[in-house]
Amino acid sequence: MRNVYSVKQVNAYIKNMFTQDFMLSRIYVKGEVSNCKYHTSGHIYFSLKDESGSIACIMFAGQRSGLGFRMQDGQQVIVLGTVTTYERDGKYQLYAKEIILDGAGLLYERFEALKRELGEMGMFAEEYKKPIPPFARRIGIVTAPTGAAIRDIMNISARRNPYVQLLLYPALVQGEGAAVSIVKGIQVLERAQVDIIIVGRGGGSMEDLWAFNEEVVARAIFNCQIPVISAVGHETDTTIADYVADLRAPTPSAAAELAVFEYQAFVNDLDSRKMKLRRALYQRLQLERMRAERYRMRLNYLHPESRLRAQQQRCMELEQKLRLMMEKKLTMSKQKLAISIERMKGLSPLAKLNQGFSYVESEGGKTVKRVRDVRKEEGLTIYVTDGMVKAKVEDTIREDYGERDIFRGSI
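Be aware that the sequence shown starts at -4, since it is given in the working numbering, and climbs by one per residue.
Structure follows, in structure tokens:
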């Protein structure tokens, strides 16, 4: 019985045949791009065709770092890759590793080789990049005098700042002698001591832009002491000059936007800063005035005259307080004295005399209180309200009236 194989076995056998073929493991295929699709996963699916047929191709997302342009239908390209089968569909296809535009293959290899060489030398390092002056007054331009690049730069410069001076060095930007002309333009403008140098031209093919991939141009830009802005081609075009320059602009118009500061915006910013400064000065002045006022009040408070006035006021308050206390004390003393006087009045002999009582003294001037205080025939002096009465003791009679003695006498 004949051998019968499954589809999987057949596809695996065919894939093994492709794998063992050394030529198909690394092959360059040239053709026209068709059915090109960028998948969301990052893979690129396309076909290469010529007048006789087509081949399916795929470039995985991990290989896209080697792609220096965006693929489009109709482009003539050279694809380096491996031809093998996809077992599930049983179809063979080209797995691309590198893709270059047809006609630029040798130039592209030279470009990559020079890029690696200059990169290893450190000419692309960020630490060598010079800052672009924010307020350039003189801008040098190395480009063709009749190209669209210079017109775009002039139009944008006039719109943004008509006071900026543009110095053009009319250089060759394509063909034989272009690299030498560009180098000379950079050196001339450097000696002219401009603030910024713009080196560039409009778009074109890799061959048209090749002067900006020359090593002499790269070294001239790197050695230039003036900041250099590279503005070569369109946004998708990349040259060695872009890597070496202090700043890369995607187009000459963008280079003018980056190099020429906008005058009106500068004036507006200046006015805004002026107003901000005035407000800050006014606020600072008010703050210093308040601080000076506090110092003045503190100085007045600490001044000897102020302290004397404060002490004087204190003395006046104490004097007033003392006066009030003395008056209060005198009032209280007067009240006590009046009470004592009233009490004394009750004990005063004169008060008693006024009430009908009398006061009797012996000849010796002693007050007669008892019968035994006098003798018979002794003279007495009797004090009454309006005078004195002289009397003589005729006789004494003692009576028990409870501490009282009664005597009789004759006048």
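For glycine and all other residues, C-beta sits at the position ideal for the given N, C-alpha and C.
Of the choices the options, whose alpha-carbon is the least far from that of residue i?
| i | options | result |
| --- | --- | --- |
| Arg21 | Val28, Ile73, Ser29, Lys387 | Ile73 |
| Arg196 | Val189, Arg186, Phe207, Gln188 | Phe207 |
| Ala250 | Met285, Ile136, Ala215 | Ile136 |
| His34 | Ser267, Met66, Glu314, Leu19 | Met66 |
| Leu162 | Lys271, Gln188, Ala287 | Gln188 |
| Asn150 | Lys385, Glu337, Glu257, Thr234 | Glu257 |
| Ala51 | Gly37, Gly85, Phe64 | Gly85 |
| Phe13 | Leu282, Met311, Val78 | Val78 |
| Tyr8 | Glu82, Ile336, Ser357, Gly374 | Glu82 |
| Gly360 | Leu375, Val366, Arg370 | Leu375 |
| Asp381 | Phe352, Val366, Thr391, Ser357 | Phe352 |
| Asp97 | Lys10, Met201, His38 | Met201 |
| Phe64 | Thr233, Arg293, Ser328 | Thr233 |
| Arg154 | Ala260, Ala139, Thr141 | Ala260 |
| Val183 | Ile39, Pro165, Leu62 | Pro165 |
| Ile416 | Tyr378, Val227, Ala236 | Beyond the ends of the chain as shown, which are -4 and 406, falls residue 416; an answer cannot be given. |
| Ser152 | Ala139, Asp264, Asp203, Ala131 | Ala131 |
| Gly180 | Ala139, Gly26, Val366, Leu303 | Ala139 |
| Val255 | Leu276, Pro129, Asn263 | Pro129 |
| Asp16 | Leu317, Asn(-2), Thr80 | Thr80 |
| Ala174 | Gln278, Trp205, Met339 | Trp205 |
| Ile392 | Asn11, Val379, Arg370 | Arg370 |
Determine the DSSP secondary structure at residue i, reduced to helix, strand or coil.
| i | result |
| --- | --- |
| Ser296 | In the sequence under discussion, the amino acid at residue 296 is Tyr, which differs from the Ser named in the question. Reduced to three states, the DSSP call for Tyr296 is helix. |
| Phe13 | helix |
| Phe256 | coil |
| Asp400 | Because the pLDDT at Asp400 is just 46, under 50, the model does not fix this residue reliably, and the point stays unresolved. |
| Ala56 | helix |
| Met311 | helix |
| Pro247 | helix |
| Asn156 | coil |
| Asn150 | helix |
| Asn208 | helix |
| Ser301 | helix |
| Lys110 | helix |
| Gly180 | helix |
| Glu82 | coil |
| Lys316 | helix |
| Leu62 | coil |
| Arg21 | coil |
| Ile443 | Nothing about residue 443 can be reported from this structure: the residues present for the chain run from -4 to 406 only. |
| Val(-1) | coil |
| Leu332 | helix |
| Leu276 | helix |
| Asp264 | helix |
| Glu288 | helix |
Assuming residue i and residue j form a contact by the criterion Cβ under 8 Å, report the distance between their Cβ atoms to the nearest whole angstrom.
| i | j | result |
| --- | --- | --- |
| Glu230 | Pro245 | 4 Å |
| Glu372 | Lys387 | 6 Å |
| Val28 | Gly69 | 7 Å |
| Gln160 | Arg133 | 5 Å |
| Glu210 | Leu109 | 6 Å |
| Ile94 | Tyr103 | Actually they are not in contact, since the Cβ atoms of Ile94 and Tyr103 sit about 10 Å apart, beyond 8 Å. |
| Val355 | Val363 | 4 Å |
| Val212 | Val178 | 6 Å |
| His38 | Met18 | The Cβ separation is near 25 Å, so there is no contact. |
| Leu113 | Phe119 | 7 Å |
| Ala236 | Ser225 | 5 Å |
Per DSSP, which one or two residues make a beta bridge with residue i?
| i | result |
| --- | --- |
| Glu356 | Thr362, Thr376 |
| Ser49 | Lys44 |
| Pro128 | Paired residues: none, contrary to the question. |
| Lys385 | Thr376 |
| Pro165 | Thr138 |
| Ile235 | DSSP, once it has assigned bridges, lists no residue as partnering Ile235. |
| Gln71 | Glu27 |
| Tyr90 | Ile53, Thr77 |
| Gly228 | Answer is none; Gly228 lacks a bridge partner. |
| Arg133 | Gln160 |
| Arg370 | Answer by DSSP bridge pairing: none, since Arg370 is not bridged. |
| Gly195 | Ala226 |
| Ile39 | Tyr33, Met54 |
| Leu96 | Val72 |
| Pro102 | Per the sequence shown, the amino acid found at residue 102 is Leu instead of Pro. The partner list for Leu102 (beta bridge, DSSP) is empty, contrary to what the question assumes. |
| Leu242 | Ile224 |
| said: Counting beta carbon pairs with one atom in the stretch 211 to 231 and one in the stretch 184 to 193, are three or more of them shorter than 8 Å? | reply: yes
| message | Closer than 8 Å is the cut-off here; do at least three beta carbon pairs connect the stretch 64 to 82 with the stretch 30 to 43? | response | yes
| query | Can at least three beta-carbon pairs, one atom from the stretch 119 to 139 and one from the stretch 227 to 243, be found at a separation below 8 Å? | reply | yes
| query | Are at least three pairs of beta-carbons, each pair with one atom in the stretch 87 to 98 and one in the stretch 50 to 63, less than 8 Å apart? | reply | yes
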